[in-house]
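> Which chain is which? The protein sequence lines are H and U, in order. Here the first sequence is numbered in this note's numbering, starting from 1 and rising by one per residue. Here the second sequence is numbered in this note's numbering, starting from 201 and rising by one per residue. The C-beta atom is built at its ideal place from N, Cα and C for all residues, glycine as well. Everything numeric in this text was worked out from a predicted model, so none of it was measured.
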Amino acid sequence: MSRKLDYPSAEDQALVKAAQKGDMQAYEELVARHRDKIYARAFSMMRNEEEAIDLSQEAWVKAWQRLKQFQGEASFVTWMTRIVINLCLDQLRKQKRLRAESIEQMDEELGGVERQMPIITPNPTERLERNELRQRIDKALGQLSYEHRTVLILHEFEDLEYKEIARRMACSIGTVMSRLFYARRKMAVLLAGLKREELR
Amino acid sequence: MISHEIELKLQACLDGELSSDETRAIEELLARDAGARSLFEELRATRTLLAGGELEVKLPETGEFYWSKIRRQIELEDRRSPSINAPEPVSAWWVRFVTPAGALAALALFVVVALKHSEPPEPILALDDSHEIETPLEETSSFSFRSEAAAMTVVWVDSHRE
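1) Within its chain, find whatever has a CB closer than 7 Å to the CB of residue 14 of chain H; leave out the 5 residues flanking it on each side and keep chain order.
2) Among H:184, H:187, H:157, which one has its Cα closest to the Cα of residue 251 of chain U?
3) Against chain U, with Cβ distances strictly below 8 Å, would residue 95 of chain H count as a contact?
4) Whole angstroms is fine: what's the gap from residue 164 of chain H's alpha carbon to residue 131 of chain H's?
5) Apart from the five residues on each side of it in sequence, which residues of its chain come closer than 8 Å, Cβ to Cβ, to residue 160 of chain H?
6) List the whole-angstrom C-beta distance separating residue 59 of chain H from residue 46 of chain H, where the pair is believed to meet the contact cut-off of C-beta under 8 Å.
7) In the DSSP output, which residue or residues are listed as bridge partners for residue 353 of chain U?
8) Please list, in chain order, all residues of the same chain as residue 82 of chain H whose beta carbon is under 7 Å from its beta carbon, the five residues on each side excluded.
9) Residue 131 of chain H lies in the alpha helix (DSSP H); which residues open and close that run?
10) Using only the alpha-carbon positions, how far apart do residue 49 of chain H and residue 271 of chain U sit?
11) Applying the 10 Å Cβ sphere with the 16-neighbour rule, what's the burial state of residue 220 of chain U?
12) Along chain U, which residues have their Cβ under 8 Å away from the Cβ of residue 18 of chain H?
13) Could you give the DSSP three-state label for residue 21 of chain H: helix, strand or coil?
14) Starting from residue 278 of chain U, follow the alpha helix (DSSP H) in both directions and report where the run begins and ends.
15) In chain U, which residues lie with their C-beta within 7 Å of the C-beta of residue 157 of chain H?
16) For my contact list, residue 277 of chain U and residue 65 of chain H are in at a C-beta cut-off of 8 Å; report their separation, rounded to the angstrom.
17) Cβ closer than 8 Å: which chain H residues qualify as neighbours of residue 202 of chain U?
18) Quick one: residues in its chain with C-beta nearer than 6 Å to the C-beta of residue 30 of chain H, no 5 flanking neighbours on either side, listed in chain order?
19) Taking only the alpha-carbon atoms, compute the straight-line gap between residue 407 of chain U and residue 32 of chain H and give it to the nearest angstrom.
20) Less than 8 Å between the beta carbons of residue 187 of chain H and residue 246 of chain U, yes or no?
21) From the beta carbon of residue 4 of chain H, is the nearest beta carbon of chain U less than 8 Å away?
22) Mind checking whether residue 237 of chain U and residue 230 of chain U have CB atoms under 8 Å apart?
23) If you count every other CB in all the chains shown that lies within 10 Å of the CB of residue 234 of chain U, and 16 or more means buried, which is it?
24) Under 8 Å, do residue 77 of chain H and residue 274 of chain U count as touching if we go by C-beta distance?
25) Between H:51, H:70, H:71, which lies nearest to residue 88 of chain H when the distance is taken from Cα to Cα?
26) Report all residues from its chain with a CB closer than 8 Å to the CB of residue 363 of chain U; omit the five preceding and five following residues, and keep chain order.
27) Tell me the rounded alpha-carbon separation between residue 225 of chain U and residue 181 of chain H.
28) Excluding sequence positions up to five away, which residues of its chain have a Cβ less than 6 Å from the Cβ of residue 12 of chain H?
29) By how many angstroms is the C-alpha of residue 301 of chain U removed from the C-alpha of residue 254 of chain U?
30) Are residue 67 of chain H and residue 20 of chain H touching if we call contact CB-CB under 8 Å?
31) Assign residue 265 of chain U to buried or exposed, taking buried as 16 or more other Cβ atoms, counted over all protein chains shown, within 10 Å of its Cβ.
32) Three-state secondary structure (DSSP) at residue 71 of chain H?
33) With H, G and I counted as helix, E and B as strand and the rest as coil, what does DSSP make of residue 66 of chain H?
34) What are the start and end residues of the alpha helix (DSSP H) that includes residue 161 of chain H?
35) Out of curiosity, what's the CA-to-CA distance linking residue 18 of chain H and residue 85 of chain H?
36) First and last residue of the alpha helix (DSSP H) that includes residue 146 of chain H?
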């Protein structure tokens with residue numbers, strides 16, 4: 001008879017192994033540990049609480065069904081994050097927010113308004129409370145288009161390479177580079193703008 | 201003003217996505233072009249600002265409620281089509297063991313019964329003076345068996361159809 005697993009103190013790996021054998025309690029513990037992170041990623045992409053809750057829950061259900069495919073090449077939470085990102089991308093595509101021939105994309109290809117923007121250098125050494133800085137970044141992210149925000153999130157927060165982002169978003173590497181460039185330039189402007197707004 | 205292609209290369213250099221030759225070319229450009237240098241610095245500063253700058257968002261509902269919906273959905277999906285991760289019930293062990301064993305037993309029983317039926321029928325009663333066997337029409341391959349003691353007559357008819 002195997003020893004009973006101490007769920008709260010067990011490592012993710014042990015919980016995953018137990019869940020792979022059908023242990024629902026082990027899976028519940030994994031959900032409890034990582035639900036905020038998975039929800040947060042869905043929210044950052046969708047910018048909508050309800051959709052983020054639904055998609056993150058769908059990700060947990062899908063992950064349970066595919067749990068035996070998880071071999072532990074990456075951490076469990078990384079694997080989960082990839083699942084929720086894919087679901088969000090599917091949802092965004094369904095909503096036609098990722099239109100291949102959007103005006104925005106044409107704008108990017110031709111050289112949008114951001115090309116004319118003066119160069120702004122946000123000062124990372126400025127003394128800001130970490131949470132305040134995060135609030136500003138989040139507010140600025142909320143003002144980007146879905147395409148720009150998604151590329152920025154996948155590159156800056158998920159550390160994905162251009163090639164991988166292109167694969168996931170079903171677009172060319174050139175489009176990824178272009179979107180990332182304009183997303184960064186917009187962020188520089190928005191962060192500087194927010195700063196000015198708050199100083200008034 | 202630098203071209204868009206160069207702008208993207210500056211960014212790719214920052215992200216470590218260029219080959220060593222391309223990186224060297226961009227470094228040379230940065231050394232001689234102030235505009236390229238400014239843009240590169242802006243991109244770098246924005247990237248630094250974003251690093252670790254993601255807002256920590258919390259789930260806006262209780263963990264119990266959130267989990268209960270996940271669990272219900274998992275159970276529903278498993279009922280529809282058992283997932284590959286669905287826990288295997290103990291009875292599944294039995295079924296896995298009993299099914300082939302049962303099939304083997306049924307096969308063995310069938311063989312025994314078939315062999316029994318292929319043998320000539322054993323006489324129910326031992327033949328003695330009180331019994332007589334008649335085969336009145338040889339060509340029809342029928343014969344009868346009568347037992348006085350048992351007060352019984354049995355007739356076998358074989359049509360010999362070939």
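So, from the listed chains and residues:
1) 5
2) Ranking the options by Cα distance to residue 251 of chain U, first place goes to H:157.
3) no
4) 30 Å
5) 154, 168
6) Rounded, the Cβ-Cβ distance is 12 Å, inconsistent with contact.
7) U:346
8) none
9) 130 to 141
10) Cα-Cα distance, rounded: 20 Å.
11) By the 10 Å Cβ count, residue 220 of chain U comes out exposed.
12) Under the 8 Å cutoff, chain U gives no residues; its nearest Cβ is about 11 Å from residue 18 of chain H.
13) Note: residue 21 of chain H maps to coil in three-state DSSP.
14) 263 to 280
15) 254
16) By a beta-carbon distance limit of 8 Å, residue 277 of chain U contacts residue 65 of chain H. Their separation comes to about 7 Å.
17) Those do not exist, as residue 202 of chain U stays about 10 Å from chain H at its closest Cβ, beyond 8 Å.
18) 15
19) Given that chain U is displayed from residue 201 to residue 362, the structure contains no residue 407 of chain U and the question cannot be resolved.
20) yes
21) no
22) yes
23) exposed
24) Against a cut-off of 8 Å, the Cβ pair of residue 274 of chain U and residue 77 of chain H comes out as no contact.
25) H:51
26) It is not possible to answer for residue 363 of chain U, since the shown part of chain U is limited to 201 through 362.
27) For the pair residue 225 of chain U and residue 181 of chain H, the Cα-to-Cα distance works out to about 20 Å.
28) Sequence-distant partners of residue 12 of chain H (beyond 5 residues in either direction) whose C-beta falls short of 6 Å from its own C-beta, in its chain, are 76.
29) About 60 Å.
30) In this structure, residue 67 of chain H places its C-beta atom within 8 Å of the C-beta atom of residue 20 of chain H.
31) exposed
32) Three-state DSSP puts residue 71 of chain H in coil, outside helix and strand.
33) coil
34) Here residue 161 of chain H belongs to no alpha helix (DSSP H), and DSSP marks it neither H nor E.
35) 25 Å
36) First-last of the alpha helix (DSSP H) with residue 146 of chain H: 146 to 152.
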